[in-house]
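Student: Going down the list, the protein sequences come from chains A and B. The numbering of the first sequence is our numbering, which starts it at 391 and goes up by one. The numbering of the second sequence is our numbering, which starts it at 647 and goes up by one. Sending over a structure as structure tokens; questions will come in a sec.
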Amino acid sequence: DVKVTQSSRYLVKRTGEKVFLECVQDMDHENMFWYRQDPGLGLRLIYFSYDVKMKEKGDIPEGYSVSREKKERFSLILESASTNQTSMYLCASSQGQGAGAQHFGDGTRLSIL
Amino acid sequence: GESVGLHLPTLSVQEGDNSIINCAYSNSASDYFIWYKQESGKGPQFIIDIRSNMDKRQGQRVTVLLNKTVKHLSLQIAATQPGDSAVYFCAENGSSYKLIFGSGTRLLVRP
Numbered sequence: 391d392v393k394v395t396q397s398s399r400y401l402v403k404r405t406g407e408k409v410f411l412e413c414v415q416d417m418d419h420e421n422m423f424w425y426r427q428d429p430g431l432g433l434r435l436i437y438f439s440y441d442v443k444m445k446e447k448g449d450i451p452e453g454y455s456v457s458r459e460k461k462e463r464f465s466l467i468l469e470s471a472s473t474n475q476t477s478m479y480l481c482a483s484s485q486g487q488g489a490g491a492q493h494f495g496d497g498t499r500l501s502i503l
Numbered sequence: 647g648e649s650v651g652l653h654l655p656t657l658s659v660q661e662g663d664n665s666i667i668n669c670a671y672s673n674s675a676s677d678y679f680i681w682y683k684q685e686s687g688k689g690p691q692f693i694i695d696i697r698s699n700m701d702k703r704q705g706q707r708v709t710v711l712l713n714k715t716v717k718h719l720s721l722q723i724a725a726t727q728p729g730d731s732a733v734y735f736c737a738e739n740g741s742s743y744k745l746i747f748g749s750g751t752r753l754l755v756r757p
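In structure tokens, the structure reads:
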């Protein structure tokens with residue numbers, strides 16, 4: 391089975407801090423994704439990457455950046471955390487080209503105080 | 647933009663009954679669809695997928711039906727069990743590598 395591991399289940403940070411969320415997948419998938427999930431808004435794509443060192447903006451990239459230095463690892467960075475970035479963050483990976491089945495981690499619940 | 651929606655936000659069924667969760671999609675060009683299950687405190691879990699060249703696909707206790715004429719997707723769960731209680735999402739392939747997710751239906755299984 392595909393295993394997508396997010397480094398933290400719960401995280402509390404302060405406004406203005408730089409926050410790193412880490413994600414690792416063990417199935418040699420080419421594509422990796424970062425979403426946030428909020429009640430009533432569903433899953434919204436922040437950034438994705440289809441190859442090492444490649445990144446593409448999703449639907450809500452403002453206030454975020456990403457890093458993919460190795461194929462198995464995809465990091466989400468909140469440059470200067472704000473309270474409206476309090477959310478559940480989900481990482482996913484998929485295989486091959488185009489839109490295929492994405493496999494998710496169990497999420498990081500991030501609170502910005 | 648194109649979107650995926652769900653008819654029913656909450657579905658309550660008796661344990662042992664069959665469940666049907668519905669989804670409408672708006673992009674007639676979509677050719678790949680997925681159902682996910684999300685339990686409380688966990689990430690979405692892949693259940694089953696279907697491509698547009700099929701109208702039915704079966705898995706273990708689950709069946710996905712695709713009606714391209716009316717752009718409708720459904721997930722049928724046979725002999726629903728308490729462990730099936732979760733939020734279910736449909737998704738369709740969007741542009742590039744993206745999936746477009748529906749807002750979800752909560753399935754409650756009554757003992």
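C-beta: ideal position from N, C-alpha, C; glycine also.
Label residue 483 (chain A) either buried or exposed according to how many other C-beta atoms from any shown protein chain fall within 10 Å of its C-beta, with 16 as the threshold for buried.
Tutor: buried
Student: On the CB-based measure, 16 or more other CB atoms within 10 Å of its CB, does residue 662 (chain B) come out buried or exposed?
Tutor: exposed
Student: I'd like to know whether the C-beta of residue 433 (chain A) is nearer than 9 Å to at least one C-beta of chain B.
Tutor: yes
Student: Do you know whose CA, among A:415, A:405, A:468, lies nearest residue 423 (chain A)'s CA?
Tutor: A:415
Student: Using only the alpha-carbon positions, how far apart do residue 683 (chain B) and residue 757 (chain B) sit?
Tutor: 20 Å
Student: Let's test the definition: count the other Cβ atoms within 10 Å of the Cβ of residue 405 (chain A) and tell me whether it reaches 16, buried, or not, exposed.
Tutor: Counting the other CB atoms within 10 Å of its CB gives residue 405 (chain A) a total below 16, which places it among the exposed residues.
Student: Using a Cβ-Cβ distance under 9 Å, would residue 653 (chain B) count as near chain A?
Tutor: For residue 653 (chain B), the pLDDT reaches just 43, beneath the cut-off of 50, and the residue's location in the model is therefore unreliable, leaving the point undetermined.
Student: Assuming the contact rule is C-beta atoms closer than 8 Å, residue 505 (chain A) and residue 467 (chain A) should be a hit. Round their C-beta distance to whole Å, please.
Tutor: The structure shown does not extend to residue 505 (chain A), since chain A is modelled only from 391 to 503, so the question has no answer here.
Student: Work out the CA separation of residue 716 (chain B) and residue 727 (chain B) for me, nearest whole Å.
Tutor: 30 Å
Student: So, for residue 485 (chain A): in the same chain, excluding its five sequence neighbours on each side, which residues have a beta-carbon less than 6 Å away from its beta-carbon?
Tutor: 419
Student: Buried or exposed: residue 690 (chain B), going by 16 or more other Cβ atoms within 10 Å of its Cβ?
Tutor: Burial call: buried.
Student: Tell me the residue span of the beta strand (DSSP E) that contains residue 432 (chain A).
Tutor: 432 to 439
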